[in-house]
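Residues in the sequence shown are numbered consecutively from 0, following numbering that gives the first Met the number 0. Where a beta carbon is used, it is the ideal one built from N, C-alpha and C, also for glycine.
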Amino acid sequence: MEDLSFYLPVIWAGLIATAVMMYVVLDGFDLGIGILYPFASAEADRDRMINSIAPFWDGNETWLILGGGGLWVAFPAAYAAIMPANYLPVIVMLLALVFRGVSFEFRAVSKPKHRAWDAAFFGGSLVAAFAQGVILGNLISGIETTDGVYTGGPLDWLKPFPLVCGLGLVFGYALLGATWLIARTDGELEERSRRQARVLFLIILIFIAIISLWAPLGFERIYERWFDTPQIFFLWLLPAGTVLTAYWAWRGIDHGHSFGPFIASIVLFILCYLGLAISTFPYLVPPSLTVWDTAAVPDSQVFTLIGVVFMLPIILGYTVFVYWTFLRHGKVTTSEGYH
């Protein structure tokens, strides 16, 4: 039982981290489409932007449910501390996702009087992305707890570091969206997306540099994780990989590649995500509560893990099937539509 008490929280932490990473990567590019939406003036281009993500967007959000639900059932003490610290940004994020999801359906049936739903699609995407970055930044900067109970205020998330993370994630999602359009569209829309990707790529590199310096210099526990020995001797591989990936992404954008920039952007996100995970693990509620402090009893974790073992292959299989089905037909044309 002692072995279970040690390994089960680690397994669950890995599952939740994977689910969140899948959500950020998969839903990130379709949120990015919404952020870039107002910059397309032609109605046909806006339709193609919507159509490029129509088969995927609702399935992508499955991973958010898995991540949040997993936190609730496997780490109830962490859920009880994280949620009060982020009530407002979480509620704003969920409402923004609702407005954005509804806009998909109502925009298609309300033409030509669909401007309000265009605004809902853009606003929901922008606000949801910003709120997610704020939640992430607030978690990294630390949540005030006493004996495992949140003791901070309702606006403790309103700090410079979370707000900068929110802005950074907005531009990051926009980069994913632009590179997705490079891969999935052609003509003027592809060329405009390529120009946008160049600018967004430079902006996101600036944000990566700012956050990478701010986190260790502003939070002692993160500084110790990255610069103490012996970990400093191998953790430098992560920033080195980030630099190489950045070169790969820029080269793909600049040399007219289709899927290369999108894949490189995903790898860049994953590397940044790994860096944040390294900075915080084993704390699930930094700087005081670890995965073991906040874990549910082993029997409860085993019971829910059995359900995940059966359901996760179904979710993965559905995701792979949908992407394979629609991506193998090539780029989105003007004749395709959302129904």
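Per-residue burial, residue i [other beta carbons within 10 Å of its own, 16 or more giving buried]
i	result
S40	exposed
W323	exposed
I32	buried
F160	buried
S102	buried
H338	The predicted model places H338 with a pLDDT of 46, which falls under 50 and marks its position as unreliable; any figure quoted below should be read in that light. With fewer than 16 other Cβ atoms within 10 Å, it is exposed.
Y172	buried
Span of the alpha helix (DSSP H) around residue i
i	result
V198	G186 to G217
G100	Y86 to V108
V242	L236 to D253
G176	P159 to R183
D298	P297 to L326
T279	G259 to T279
Straight-line gap, residue i to residue j (C-alpha atoms, nearest Å)
i	j	result
A119	R99	6 Å
C271	I207	8 Å
G259	R183	12 Å
M310	A295	20 Å
G167	V72	30 Å
W11	M92	24 Å
L35	D46	13 Å
A79	Y6	22 Å
Q300	V308	12 Å
G67	L283	13 Å
I269	R197	20 Å
I313	L63	16 Å
T303	G141	28 Å
V163	L201	16 Å
D155	L96	23 Å
G69	V133	21 Å
L14	L65	9 Å
F365	E223	Any answer about residue 365 is impossible in this case: the structure gives the chain only from 0 up to 338.
P297	F226	35 Å
S211	L236	14 Å
Closest by C-alpha distance to residue i, when choosing among the options
i	options	result
M82	F28, H113 and T150	T150
F261	G69, R220 and R193	R193
V126	G251, V307, P88 and S140	P88
M21	Y86, G58, P37 and A263	G58
T145	W116, L216, L288 and I139	L288
G176	W56, V290 and C164	W56
I139	V319, I49, L162 and L275	L275
L30	L174, L157 and G13	L174
E317	D44, E60, A214 and F170	One detail in the question is off: residue 317 reads as Tyr in this sequence, not Glu. Measuring from the Cα of Y317, the nearest candidate turns out to be E60.
P153	G306, Y86, G217 and Q131	Y86
I243	L204, K112, H328 and Q131	Note on residue identity: the sequence assigns Leu, not Ile, to residue 243. Of the candidates L204, K112, H328 and Q131, the one whose C-alpha sits nearest the C-alpha of L243 is L204.
V266	L65, W225 and P238	P238
F325	P8, A53 and L3	A53
R220	Y246, S278 and H256	S278
Limits of the unbroken beta strand (DSSP E) element including residue i
i	result
V133	Note, V133: premise wrong, no beta strand (DSSP E); alpha helix (DSSP H) at R114 to S140.
L283	Y282 to V284
Short CB-CB distance (under 8 Å) between residue i and chain B
i	result
P37	Judged by its chain identifiers, the structure shown contains no chain B, having just a single protein chain.
Notebook entry, point to check: Which runs of the beta strand (DSSP E) fall wholly inside the segment 34-67 and span at least 3 residues, in chain order?
Noted result: Listed in chain order, the beta strand (DSSP E) elements of length 3 or more contained wholly in the segment 34-67 amount to none.
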